[in-house]
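Residue numbers (the working numbering): -12 to 279. Glycine residues also receive a C-beta, built at the ideal position from the N, C-alpha and C atoms. Bear in mind the structure is a predicted one, so any value in this text is a computation, not a measurement.
Here is the structure:
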């Protein structure tokens, strides 16, 4: 039996993200469109005889203990299935930036569920994996299926949408981060924040019209205090002809949508000169289910 299995785990962007209100339990309801994009990490699960789960990563600041969501994913898998943990190491080769609003941790967790399902022949369906993976976080179930989805509730209600035609996405992140908890507190203090026209956005998705979608999109977190480089990154993307540009998640990465690959490449080239992370990608992730 092969003792090492790897999978690419893809990032997401929020094409739109409306925080619609705070619930009585303290959580917030959202209305968002998640889109999987071709920026990816690689997660490798290796079997050993330790009877424990260990984690390693190429990025020093990533915690490699029980705090890491991939460790939690393995714990949920073994406790749910009843499979005895023979001993595994989960190695994360990161390319998705941390604290970017791109779902890097959640997609890694989803990859662990997929790989363990394969290694131990538990034959769980995508729906079953989604049901157990929510125990690691509200975003994880989306990454089991990927693609394009309408996300509501606290992020736990997922309605699959037909993928949009290929378009080009430039994603960039500066050096500053955003406190999600602090951003939500700022949103709660807003007296009358703008909300999106969800019907218009969903119609644009159904009609495969990325231009209309982006003209209607917003991100409520952009109403909070933001790092200065957010505006600068957006300005460069707009200069190169993006169809729309927004911060993704609670930040601090910014994406621009382009229908012209050459213009996207020009924007990415300029951004790489000034920012630690800038990448040109697309919404096509053809090998997302491949375990190698």
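Per DSSP, the continuous beta strand (DSSP E) segment holding residue -2 begins and ends at -9 to 9. Under the three-state reduction of DSSP output, residue 271 falls in the coil class, being neither helix nor strand. By the criterion of at least three beta-carbon pairs nearer than 8 Å, the stretch 50 to 67 is not in contact with the stretch 194 to 212. Look at the beta carbons and you see the stretch 136 to 149 touching the stretch 11 to 22: at least three pairs across the two are nearer than 8 Å. Secondary structure within the stretch 213 to 241: the beta strand (DSSP E) runs of 3 or more consecutive residues, fully enclosed, are 231 to 234 (chain order). Straight-line spacing of the CA atoms in residue 210 and residue 28 works out to 30 Å. Under the Cβ criterion (8 Å, minimum of three pairs), the stretch 243 to 257 counts as touching the stretch 147 to 166. The three-state reading of DSSP puts residue 256 in helix, counting H, G and I together. Judged by DSSP secondary structure, residue 157 falls within the beta strand (DSSP E) whose first and last residues are 155 to 160. Residue 77 sits away from residue 26, with the two beta carbons spaced by 8 Å or more.
Following the DSSP letters along the chain, one finds residue 18 inside the beta strand (DSSP E) bounded by residues 15 to 34. Relative to the Cα of residue 67, the nearest Cα in the group 103, 75, 46 belongs to 103.
Distance check between residue 269 and each of -7, 146, 200, 150 places 150 closest, using alpha-carbon atoms only.
The alpha-carbon of residue 263 is positioned some 43 Å away from that of residue 69.
Ranked by Cα distance from residue 229, the options 199, 214, 238 are led by 199. In the structure shown, residue 51 falls within a coil segment according to DSSP collapsed to helix, strand and coil. For residue 104, the enclosing alpha helix (DSSP H) has its first and last residue at 91 to 106. Our two residues, residue 89 and residue 239, have alpha carbons roughly 9 Å apart in a direct line.
In this structure, residue 125 sits near residue 141, with a CB-CB distance shorter than 8 Å. In the DSSP assignment, residue 43 falls within the unbroken beta strand (DSSP E) covering 40 to 44. Under the three-state reduction of DSSP output, residue 123 falls in the helix class. Nearest neighbour of residue 14 by Cα position, chosen from 143, 194, 119, turns out to be 143.
For residue 76, the uninterrupted beta strand (DSSP E) segment begins and ends at 75 to 80.
Its Cα nearest to that of residue 161, the residue 266 stands out among 44, 132, 266.
Taking all protein chains in view, the Cβ of residue 0 is crowded by 16 or more other Cβ atoms within 10 Å, so the residue is classified as buried.
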